[in-house]
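Using our numbering, the letters of the sequence shown correspond one by one to residues -7 to 311. Note that the Cβ used here is the ideal one computed from N, Cα and C, for glycine as well. If you're wondering where the values come from, they're calculated on a predicted model, not measured in any experiment. Below you'll find the structure, written out as structure tokens, and then a few comments.
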Amino acid sequence: MAKKTHSSPFPRVTLSSVTLSFEQPHPSPARGGNPIHTEQTIEQPIEFTGIGLHSGAPVRMRLVPAPAGSGIVFRRTDLDNFEIAATGRNVARVSYATSLMRQGVLISTTEHLLSALIGLAIDNLIIEVDNLELPILDGSALPYVCAIRSVGLRPQRRRREYLRILHPVEVREGDKFIGVYPGTGYSIDYAIDFPPPIGRDRFTLDLATETYGAEIAPARTFGYKADEQRLRDMGLIRGAGPECAILVTATGIENGPLRFPNEFVRHKVLDLIGDLALAGRRIEGRVVAERAGHAMHTALVRRLLADRSAWELAAHRTH
Ligand SMILES: [Zn+2]
């Protein structure tokens, strides 16, 4: 079957076409009234094209508005529109990126898009992809944020339910740690400790203050040049290049400048938000992570969802 030509009326986004604007915090993510505590989708479809970071496979992706209550659902258009919901029960093997799998069908590297959807408070969306991995674009969530803001958000009538944390849930593995605790809003405290030149760093964020687009979305993924061949030998990072990741050498950055002096820890926060999106609802609570990664993030989601006493689904609390 011939592939469709680019005759669609929807905005198409490639890295060269999207305007990456480094914005100030955005006080009002949607038009009209106070829609923040009702569900939202996007106003109209958006198309992205690119390649997968690990597969190197070309992919066309289309974000499509979805009805209230339907959640975030991936759809493999190359496999008879097979659907995989973005929930913890579909998390597959996780090492260098987060993947979802259902009945043997895979969707890979979901974290940056899901992070943008939480950051912009989008509850309902169909994500059509014609290959197994999402496009890496520039390695951040900024192309998603800019494109979604350019079409706008559509408030929906249903009240958003949050996953409110009622008691702590923690995962520890050696010197890696992640935990989630009761708290108002959604706050994150992330500490990293990487080999030089990144070293130790720490970043705290209160997502409720609508800082995502300015503080987190632009932070790009990164990799050490010293690990490159080993990862390629494992069949990973086939789509990697200086346009989609920060390349870290023993002494500095090969493809600078950085977008933030602490871009690395900010990207870890970006990944964490995207991985915790697999809890299925925006979290109301406080997350603490130390030296964690995709495996720890998704382990927390699984432990949290399995402990039904640790949370409740609840409308926003007014104070
Ligand atoms: Zn990432």
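Three-state class that DSSP yields for residue i in the structure shown
i, result
"residue 131", "coil"
"residue 266", "helix"
"residue 294", "helix"
"residue 301", "helix"
"residue 252", "coil"
"residue 120", "strand"
"residue 154", "strand"
"residue 100", "strand"
"residue 245", "strand"
"residue 114", "coil"
"residue 283", "coil"
"residue 105", "helix"
"residue 278", "strand"
"residue 273", "coil"
"residue 306", "strand"
"residue 30", "strand"
"residue 257", "helix"
Best match in the options for proximity to residue i [C-alpha to C-alpha]
i, options, result
"residue 147", "34, 208 and 70", "34"
"residue 132", "266, 298 and 270", "266"
"residue 165", "112, 209 and 284", "284"
"residue 189", "242, 235 and 232", "242"
"residue 79", "177, 245, 38 and 294", "294"
"residue 276", "299, 246, 52 and 159", "159"
"residue 135", "258, 236 and 30", "236"
"residue 157", "121, 29 and 179", "179"
"residue 51", "57, 61, 70 and 150", "70"
"residue 76", "101, 53, 93 and 104", "93"
"residue 102", "302, 264, 173 and 214", "264"
"residue 57", "167, 169 and 114", "114"
"residue 46", "292, 100, 64 and 36", "100"
"residue 300", "205, 200, 271 and 195", "271"
"residue 29", "274, 288 and 41", "274"
"residue 254", "200, 177, 184 and 59", "184"
"residue 139", "105, 229 and 282", "105"
"residue 130", "201, 64, 197 and 214", "214"
"residue 261", "240, 248, 278 and 181", "181"
"residue 121", "286, 168, 37 and 282", "37"
"residue 64", "109, 155 and 41", "109"
"residue 238", "286, 143, 62 and 128", "128"
"residue 41", "206, 119, 89 and 207", "119"
"residue 286", "248, 68 and 169", "169"
Assumed close pair residue i, residue j - CB separation to whole angstroms, cut-off 8 Å
i, j, result
"residue 296", "residue 153", "Contact flag wrong, Cβ pair sits at about 15 Å."
"residue 212", "residue 251", "7 Å"
"residue 125", "residue 232", "Contact flag wrong, Cβ pair sits at about 12 Å."
"residue 91", "residue 98", "6 Å"
"residue 171", "residue 280", "5 Å"
"residue 258", "residue 186", "The pair is not a contact, with the Cβ atoms about 13 Å apart (cut-off 8 Å)."
"residue 111", "residue 204", "3 Å"
"residue 145", "residue 177", "That belief does not hold up - the Cβ atoms of residue 145 and residue 177 are roughly 20 Å apart, past 8 Å."
Residue environment, residue i, which counts as buried when at least 16 other CB atoms sit within 10 Å
i, result
"residue 226", "exposed"
"residue 224", "exposed"
"residue 81", "exposed"
"residue 32", "buried"
"residue 218", "exposed"
"residue 307", "exposed"
"residue 222", "exposed"
"residue 151", "exposed"
"residue 162", "exposed"
"residue 24", "With a pLDDT of 37 at residue 24, under the threshold of 50, the predicted position of this residue should be treated as unreliable, though the coordinate-derived value follows. Exposed: under 16 other Cβ atoms inside 10 Å."
"residue 107", "buried"
"residue 246", "exposed"
"residue 123", "buried"
"residue 298", "exposed"
"residue 116", "buried"
"residue 303", "buried"
"residue 210", "buried"
"residue 44", "buried"
"residue 290", "buried"
"residue 96", "exposed"
"residue 85", "exposed"
"residue 72", "exposed"
"residue 54", "buried"
"residue 149", "exposed"
Contact test: residue i Cβ vs ligand 2 heavy atom, cutoff 8 Å
i, result
"residue 290", "Ligand 2 is absent from the structure shown, which contains only ligand 1."
Ordered list of alpha helix (DSSP H) runs contained in the stretch 161 to 240, each at least 4 residues: 204 to 207 and 220 to 225
Starting from the N-terminal side, write out each stretch of the beta strand (DSSP E) that is 3 residues or longer and does not extend beyond the stretch 57 to 103. Runs found: 64 to 68, 74 to 77, 91 to 94 and 97 to 100.
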